[in-house]
Amino acid sequence: MNDATGTRTTRPGGGDGRAKRRVAGRAAPGALVPPAEPRVSAAFGPVDSAAWREFVGRWLEAQGCHVGEAARGDWEVALSPELQRRWRRQRVRLVFDPLRPTLPRGAWFTAPGSAAGRKILDAARDEPALACRTALPRVPGAPAEGLAAVCRVRGLTWGTPRLGPVRYERRMAFHAVVTLWGGLPVQESWVLLLDRDRSLVEWQRGRELPNVRSRDGLGPGQEPLQGDECARWAEAARGHLDALLTGREREWEGTVSRLREDELSRLSAFFAARVEEEEERSRRRGGNGDAPELEGGDATSLKVEWERRAAEVSQRWALRTDVRLWGLEEWSWPVAELEQGLKVGAVRVKLVSRVDVARGQPELPACPSCGSAAEMLVRVRGAVACEHCAP
Ligand SMILES: [Zn+2]
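When you read off a place in the sequence shown, starting at 1, and then add 105, the result is the number in our numbering.
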């Protein structure tokens with residue numbers, strides 16, 4: 106069944122072209138549903154039938170279909186207008202039970218590798234899923250100690266933190282599946298979150314952004330992004346992802362290179378021994394002089410074979426990365442300003458930082474002297490400095 110799910114998955118470049126077009130103006134409710142992927146890593150195990158069923162159901166609902174229970178665990182699905190056009194029918198009955206000897210008329214047997222399963226996967230893969238979500242603010246929106254929670258101080262005293270009003274800003278999350286091929290392939294889910302300037306706020310190896318509670322839909326006053334705008338975000342996300350992947354590939358290369366070298370050295374040891382045997386044999390046969398060269402034919406073909414096999418091994422371990430962007434989430438994200446004084450002797454310095462109110466987490470404050478994000482601030486001659494700019 107993996108063969109069916111595998112063929113169309115990897116699309117170098119992420120297929121963003123279509124993402125851009127499809128993204129315009131369609132906001133499916135509900136959480137993003139990752140399409141079932143071929144499981145290249147043994148750690149995942151085969152696609153579980155319950156998980157498959159859940160995926161199909163959530164995907165159909167996210168597409169705007171109505172899924173109803175039917176007899177014997179089947180589903181009766183009223184298709185969305187778009188899927189009606191695509192599949193040229195209004196309704197379909199889905200049968201999941203692989204042991205059912207006969208199907209009701211017009212019903213589809215739905216497993217990842219069945220004809221219907223392929224249809225569903227094809228449709229699911231055609232375009233990234235799109236969702237709109239609002240991250241729920243945490244109460245309180247910031248830690249009671251304010252910036253002291255993220256920034257240590259020496260020779261300075263924090264004043265009382267003041268949290269400004271919560272406002273919602275646009276953020277975009279891009280969900281991708283990254284497949285690292287070469288030797289022992291691995292597949293990973295990645296999420297990137299971009300803020301309104303399209304700079305990278307955070308990224309995770311995983312399916313979801315952690316520690317965020319959310320609800321469907323955007324916050325007040327935020328309209329879903331349309332066509333071109335969306336494309337620009339996708340492009341920015343792709344740039345960030347490529348930069349991150351470079352690091353991941355280096356790491357991956359480090360992991361597999363040792364295994365590759367092991368395999369190559371076993372191969373070398375094997376062929377070196379056989380070449381030596383062969384040369385020894387022809388020496389014995391031919392005695393001294395030019396004979397070994399004349400009869401060295403077998404050793405030569407061994408060396409040719411050795412080279413061929415070594416090239417094969419290197420090729421099998423060569424790293425290739427496929428990225429497929431499968432989902433976009435537009436977020437309304439609660440943020441606020443956090444203002445807090447620092448007492449330096451008689452002088453008071455005001456620090457301002459941004460707070461991720463969804464997590465109640467302030468960003469590191471900027472150092473008043475050099476402006477870089479500071480994990481620690483110290484007092485230097487009556488002024489405030491970070492560890493980088495303190496003399
Ligand atoms: Zn500094």
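Backbone N, C-alpha and C fix where the C-beta goes; we use that ideal spot for every residue, glycine too.
Note that the structure is a prediction, hence the values are computed from the model and not measured.
- For Gly487, the shortest separation between its Cβ and any heavy atom of ligand 1 does not lie below 8 Å.
- Ranked by Cα distance from Arg158, the options Arg196, Asp202, Cys170, Pro186 are led by Asp202.
- Between Arg386 and Gly288, the gap from beta carbon to beta carbon reaches 9 Å or more.
- Taking a contact to require three or more Cβ pairs closer than 8 Å, the region 478-489 and the region 456-470 qualify as touching.
- Going by beta carbons, Arg177 and Glu434 fall outside the 9 Å limit.
- With 16 or more neighbouring CB atoms inside 10 Å of its own CB, Ser437 falls in the buried class.
- Separation of Gly432 and Leu407 (C-alpha to C-alpha, rounded to the nearest whole angstrom) is 51 Å.
- Distance between Glu492 and Glu356, taken at the CA atoms: about 30 Å.
- The beta carbons of Arg272 and Ala463 sit about 13 Å from each other, so the pair does not count as a contact at 8 Å.
- No Cβ-Cβ contact shorter than 9 Å links Arg276 with Ser294.
- In the DSSP assignment, Phe279 falls within the beta strand (DSSP E) that extends over 272-286.
- Residue pairing from DSSP leaves Thr215 without any beta-bridge partner.
- Relative to Ala167, the option among Ala228, Arg453, Arg194 whose CA is nearest is Ala228.
- Pairing Gly391 with Glu366, the inter-Cα distance amounts to about 36 Å.
- Between Leu430 and Ala278, the CB-CB gap reaches or exceeds 9 Å.
- Not one heavy atom of ligand 1 falls within 8 Å of the beta-carbon of Ser458.
- For His171, the enclosing beta strand (DSSP E) stretches over residues 171-174.
- Using a Cβ-Cβ distance cut-off of 8 Å, the region 329-343 and the region 297-305 are in contact, since at least three pairs of beta carbons, one from each stretch, lie closer than that value.
- Take the alpha-carbon of Glu410 and the one of Ala423: they are about 20 Å apart.
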